[in-house]
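A.B. asks: Heads up: the protein sequence lines correspond to chains D and P, in order. Residue 1 is where the first sequence starts when you use the working numbering, and the numbers rise one by one after that. Residue 1 is where the second sequence starts when you use the working numbering, and the numbers rise one by one after that. Don't be surprised by glycine CBs; every beta carbon is placed ideally from N, CA and C. Treat the numbers as computed from the prediction; the structure is a model and nothing was measured.
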Amino acid sequence: MMPYLSLSIWVPIVAGLAVLAVGRDRDAAAARWIALAGAIAGLAVTLPLWLHFDTGTSQMQFVERSEWIPRFDIHYHLGVDGISMLFVLLNSLMTLVVVWSAWEVIQVRVAQYMAAFLIQSGLINGAFCALDGILFYMFFEAMLIPMYIIIGAWGGPNRVYAAVKFFLYTLLGSLLMLVALVYLYDVSETFSILDWYKVPLSLKVQVLLFIAFFLSFAVKVPMWPVHTWLPDAHVEAPTGGSVVLAAITLKIGAYGFVRFILPIVPDAARYLSHFVIALSLIAIVYIGFVALVQADMKKLIAYSSISHMGFVTLGFFLFSQLGMEGGLVQMISHGFVSAAMFLCVGVMYDRMHSRQIADYGGVVNTMPKFAAFMMLFAMANSGLPATSGFVGEFMVILASVKVNFWLGATAATIMIVGAAYTLWMYKRVIYGAVGNDQVAALTDLNRREFWMLGAVALLVFWMGLWPKPFIDVMHSSVADLLAHVAKSKL
Amino acid sequence: MINDLDFAAVLPEILLLCGACAVLLGDLFVGDGRRHVSFWLTQIVLAAAAWSALATMPPVPRGAFAGMVVDDTLADTLKFMSCVAVSLMLFYSRGYSAARGLFRGETFVLALFALLGMMVMIAAGSFVTLYLGLELLSLSLYAMVAMYRTSNAATEAAMKYFVLGALASGILLYGMSMIYGSTGSLDIGVVAKTLATGQGDRTILLFGLVFLVSGVAFKLGAVPYHMWVPDVYDGAPTAVTLLIGTAPKLAAFAFMLRLLAVALGSLWFDWQGMLMVLAVLSMVLGNVVAIAQTSMKRMLAYSSIANMGFMLMGFLAANPSGYSAAMFYAIAYVLTSLASFGMIMLLSREGFEADQLSDFKGLNQRSPWWAFMMLLVMFSLAGVPPTVGFYAKFAVIQAAVDAGFVWLAVVAVLTSVVGAFYYLRVVKLMYFDDATDLAPIDARADSRWFLSANGLALLAFGIFPQQLLGICVVALANSGLL
């Protein structure tokens, strides 16, 4: 069998290096076409994962394992299960969207821009596929470097602050995780993540490990109160950077919860579940209200991301099939919807060079096609049935009502607050009389933008109307994980 | 008593000494315009010494000259690496030295003598040999710093280096004399045996140990014996800074290993505590103070202090994985450090040192390749994968956790977050800022090729570290030190 996972990691990275080697500033067209070819090839090699995936088993599939650093018993060990497989696809797809979205928008240092995204895409796939602690850590850390440069080099006026804050925040969390990984190696003499699932640990040790892992992943998700890097990073990043940040890198944080925290320290996870649920609810409700008052569209969507990711962590820590699947579905849906929202803002920003809501008004008069697309994504962001945003949220709310009515009721406020901030922004930007001369001069979507948004819109509808294929993929892995978490490791 | 085998054990040193004398004499007959003859002669000597170090590698440790020197895998590995480091240093500094009137026979000869001192230290089997090697190294370095006579900063740095270095040597010698007084021997093996049987006055031993550790900490530049490091790094011509900041760290590792781990191995519990204090202080102070620097060389000086703290952290685990981690750390640091000062010299030209942080502004616009090399250097120093610096940090953290010092590992990672800030700042200057200096980067082809290879090696060893990790384990195991 072909090593599809290795290909999904290395094809984009090699393509990125090729872009760097061939494309110079004078020859931007070559860089764009090679990047597009690389992104398409990167997506093509991940499609067999979807086609050949066996939904009947919770075992790791497409496994590759070979010795890498025998000194520390570190292996090049890759594999995907129902939890991680979809994110590899999502990431490869988003890379294509990002390359497409930057086509004529990025004019300076095109080759470096494209290469940074392609290399980052490979590294992210690596993090989702890695089954060795250090291999995961390698990818997890290395992906900070391209994003740091993307934000800092192509970002807005306050980009340096945002880039450094992004890097240091994430690094702090992940270095504590490194200590935790080393500790687990010391206890178990292996870096294999799957072997760690079976290592017995005392509650005290579990809680300490939980804290180390939690800090790392909670920063990445991000959960309240370690979320403050995200609005800065989103606002300053170029459109592509925001898309990848919201659609993919946040998911790695949530993925860390299900790959590391729940199975490795299940007792601590159950012991501290109230704490995580409380933080999630704060994120859902409080951050939702914070989003309401934003004057900057990107900031608003950034806060909306935090609020939606609160749903994911809430779903995970209910320890029920419905909740966990809801969380995972929400992750994928949020990948589509938040990416689409950032793309929409990018489309407007490219024309007006402003992200302030107040600078707009009446855009529908000059950009009707765009207004229709944005309407769809705004509805999906507020969780309207028949869009992907509804499925995950509904599942999590249902699961939390089963645990406690008031928990469900509090979580359900997102349906109201989310609709309020999204639609209010939509109303102020799109509807009303034409706000100013600049808006009057706007041109509607060109063909590139139309297909870019159209593709994402199809996915939003697919997942909203027929989510079963997605849920089937994750079903047995989630069931197995929950059975494992229910067993004590003490 | 002395036989042929004894001479085989010190073949690299003999070759180096003869070669240094040959360069010294030969240089007299070479005109100013043809110094490159001396340069290439020096490189040939270095290549011969490096080759003989590998060729004479014995399968089991072998004492020579009545135990004054030992020849083992560890010694030969480190000797080889020191030769490579000095050779690279001469290649990198060729253009830089020529522009400052330092491309002279004396530079080459002193570099060779410094290397000879390192080799003697690395191969020492007795306290006397250790001390001799250390002094030969130090005196050559003092002279090299002072050689840049037209620079006030260099003269001042040489003075500081000499006065403080002499003081530290005195402290070290005093400590050695106490150990001698207590055990009755200067031979490392005999001292170790005597202590293992519980002989010797403990008070005197501990007293001596404190002096020894202080002396070692001074040579490493660990806090609170670090005061000379920033001034000397900053004041010395960059070529000499490169020499001071790289190969001697390997010798210092061997020095520490022979002195503390072998000779005073029975007192491990006592020196462990002392090293712990040194390690924590170095990591904290080095990383915090580096943030405030505006000079690249001073920043790298504080970075070296912090890095030595990390190396000590591996060493103080006092177990095999700790020693091999510390050795790997030293090698990785030397490799990274070579490239960092090499980059400064690459950007410098006549009358322009390129030693300020702001001199790196917009490097990506001037040359994406060199910006990428510097990016690798910075992330390697910060310990971010996929660079070799990550495995260095990983290995020492693993050793510390293995020895039960999880809290030390946590302190270390917290300080490295602080450290990441100033390394990121250099990346920021290169990638996010606009260039103010648009002069083309012009360097000799050989130094460009070697520097590129050096930078890529950081990445290559970061992705495939097993080879280097394996060398460290094998070197220590075959030397009977594990």
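Hey, does P:V223 have any beta-carbon neighbour from chain D nearer than 8 Å?
C.D. replies: P:V223 does not count as touching chain D.
A.B. asks: According to a CB-to-CB cut-off of less than 9 Å, which residues of the region 56-74 of chain P neighbour chain D?
C.D. replies: Taking 9 Å as the Cβ-Cβ cut-off against chain D, none of the residues of the region 56-74 of chain P qualify.
A.B. asks: Is D:D472 buried or exposed, if buried means 16 or more other CB atoms sit within 10 Å of its CB?
C.D. replies: Per the 10 Å Cβ criterion, exposed.
A.B. asks: Going by beta-carbon coordinates alone, are P:A409 and P:A318 separated by less than 8 Å?
C.D. replies: In this structure, P:A318 does not lie closer than 8 Å to P:A409 by Cβ.
A.B. asks: Identify, in the order they occur along the chain, each residue of the same chain with its Cβ nearer than 6 Å to the Cβ of D:P3, setting aside the five sequence neighbours on each side.
C.D. replies: These residues qualify, in order along the chain: E64.
A.B. asks: Nearest CA to the CA of P:N287: which residue from P:S304, P:F211, P:A143 and P:P385?
C.D. replies: The shortest C-alpha separation from P:N287 is found at P:S304.
A.B. asks: What is the DSSP secondary structure of D:Y169, counted as helix, strand or coil?
C.D. replies: In this structure, D:Y169 counts as helix in the three-state DSSP scheme.
A.B. asks: Of all the options D:R355, D:L322 and D:M309, which has the alpha carbon lying nearest to the alpha carbon of D:Q294?
C.D. replies: It is D:R355.
A.B. asks: Does the count of Cβ pairs from the region 311-319 of chain D and the region 338-355 of chain D closer than 8 Å reach three?
C.D. replies: Cβ pair count under 8 Å is below three, so no.
A.B. asks: For P:A435, which residues in the same chain have their Cβ closer than 8 Å to its Cβ, ignoring the five residues on either side in sequence?
C.D. replies: K361, G362, L363, Q365 and R366.
A.B. asks: Hey, could you find the ends of the beta strand (DSSP E) P:I441 is sitting in?
C.D. replies: Element bounds for P:I441: n/a, residue is neither H nor E.
A.B. asks: Can you name the residues that DSSP bridges to D:L78?
C.D. replies: DSSP, once it has assigned bridges, lists D:E64 and D:A130 as partnering D:L78.
A.B. asks: When the cut-off is 8 Å and only beta carbons count, does D:F167 lie next to chain P?
C.D. replies: Closer than 8 Å: yes.
A.B. asks: When Cβ atoms are compared, which residues of the region 167-191 of chain D fall closer than 8 Å to chain P?
C.D. replies: If the cut-off is 8 Å between Cβ atoms, the region 167-191 of chain D has F167, L168, L171, L172, L175, L176, L178, V179, V182, Y183, Y185 and D186 near chain P.
A.B. asks: With a threshold of 16 other CB atoms inside 10 Å of the CB of P:T294, please say whether the residue is buried or exposed.
C.D. replies: Exposed.
A.B. asks: Strictly by DSSP, which residues pair up with P:R62?
C.D. replies: DSSP lists P:D71 as partners of P:R62.
A.B. asks: Return helix, strand or coil for P:F352, following the three-state DSSP convention.
C.D. replies: Strand.
A.B. asks: What's the call for D:A180, buried or exposed, on a 16-neighbour Cβ count within 10 Å?
C.D. replies: Looking at its Cβ environment, which holds 16 or more other Cβ atoms inside 10 Å, D:A180 is buried.
A.B. asks: Quick one: which chain D residues come within Cβ less than 7 Å of P:K219?
C.D. replies: Those within 7 Å of P:K219 in chain D number zero; the least Cβ separation is about 29 Å.
A.B. asks: Would you tell me roughly how many angstroms separate the C-alpha atoms of P:D433 and P:S358, rounded to the nearest one?
C.D. replies: Those two C-alpha atoms are separated by around 10 Å.
A.B. asks: To the nearest angstrom, how far is the alpha carbon of P:F108 from that of P:S38?
C.D. replies: Straight-line Cα distance between these residues: approximately 8 Å.
A.B. asks: Leaving out five residues on either side along the sequence, give the residues of the same chain with a beta carbon under 6 Å from the beta carbon of D:P200.
C.D. replies: Same-chain partners within the cutoff: K489.
A.B. asks: For P:Y119, which option in P:A247, P:L260, P:M345 and P:G198 has the closest C-alpha, if you only look at C-alpha atoms?
C.D. replies: Residue identity check: residue 119 of chain P is Met in the sequence provided, not Tyr. Looking at the Cα atoms, P:A247 is the closest of the given residues.
A.B. asks: Check each residue of the region 203-228 of chain D: if its Cβ is closer than 7 Å to any Cβ of chain P, include it; give the result in chain order.
C.D. replies: So nothing in the stretch comes that close.
A.B. asks: Using a Cβ-Cβ distance under 8 Å, would P:F310 count as near chain D?
C.D. replies: No, P:F310 lies away from the interface with chain D (no Cβ there is under 8 Å from its Cβ).
A.B. asks: Chain P beta carbons: is any one of them nearer than 8 Å to that of D:E141?
C.D. replies: Yes, because at least one Cβ of chain P sits closer than 8 Å to the Cβ of D:E141.
A.B. asks: Could you check how far apart the C-beta atoms of D:F128 and D:V88 are, in whole angstroms? I think they sit under 8 Å.
C.D. replies: Confirmed, about 5 Å.
A.B. asks: Are any of the Cβ atoms in chain D nearer than 8 Å to that of P:G470?
C.D. replies: It does; some Cβ of chain D falls within 8 Å.
A.B. asks: Buried or exposed: where does P:W407 fall if 16 or more other Cβ atoms within 10 Å of its Cβ makes it buried?
C.D. replies: So P:W407 counts as exposed.
A.B. asks: In the region 244-271 of chain D, which residues sit with their C-beta less than 7 Å from some C-beta in chain P, listed in chain order?
C.D. replies: If the cut-off is 7 Å between Cβ atoms, the region 244-271 of chain D has nothing near chain P.
A.B. asks: In whole angstroms, what separates the C-alpha of P:A445 from that of P:G31?
C.D. replies: Going from the Cα of P:A445 to the Cα of P:G31 covers about 23 Å.
A.B. asks: From D:S6 to D:A116, what distance separates their C-alpha atoms?
C.D. replies: If you take the alpha carbons of D:S6 and D:A116, they lie about 19 Å apart.
A.B. asks: Touch check for the region 75-85 of chain P and the region 95-113 of chain P: three-plus C-beta pairs under 8 Å?
C.D. replies: At 8 Å Cβ cutoff, the stretches do not touch.
A.B. asks: List, in order along the chain, the chain P residues whose C-beta lies closer than 7 Å to that of D:V11?
C.D. replies: The premise fails here: D:V11 is roughly 17 Å from chain P at the closest Cβ pair, so nothing lies under 7 Å.
A.B. asks: P:D402 versus chain D: which residues are under 7 Å apart at the beta carbon?
C.D. replies: Chain D residues near P:D402: D186.
A.B. asks: For the alpha helix (DSSP H) holding D:S320, just list the boundary residues, first then last.
C.D. replies: Where D:S320 is concerned, there is no enclosing alpha helix (DSSP H), given that its DSSP letter is neither H nor E.
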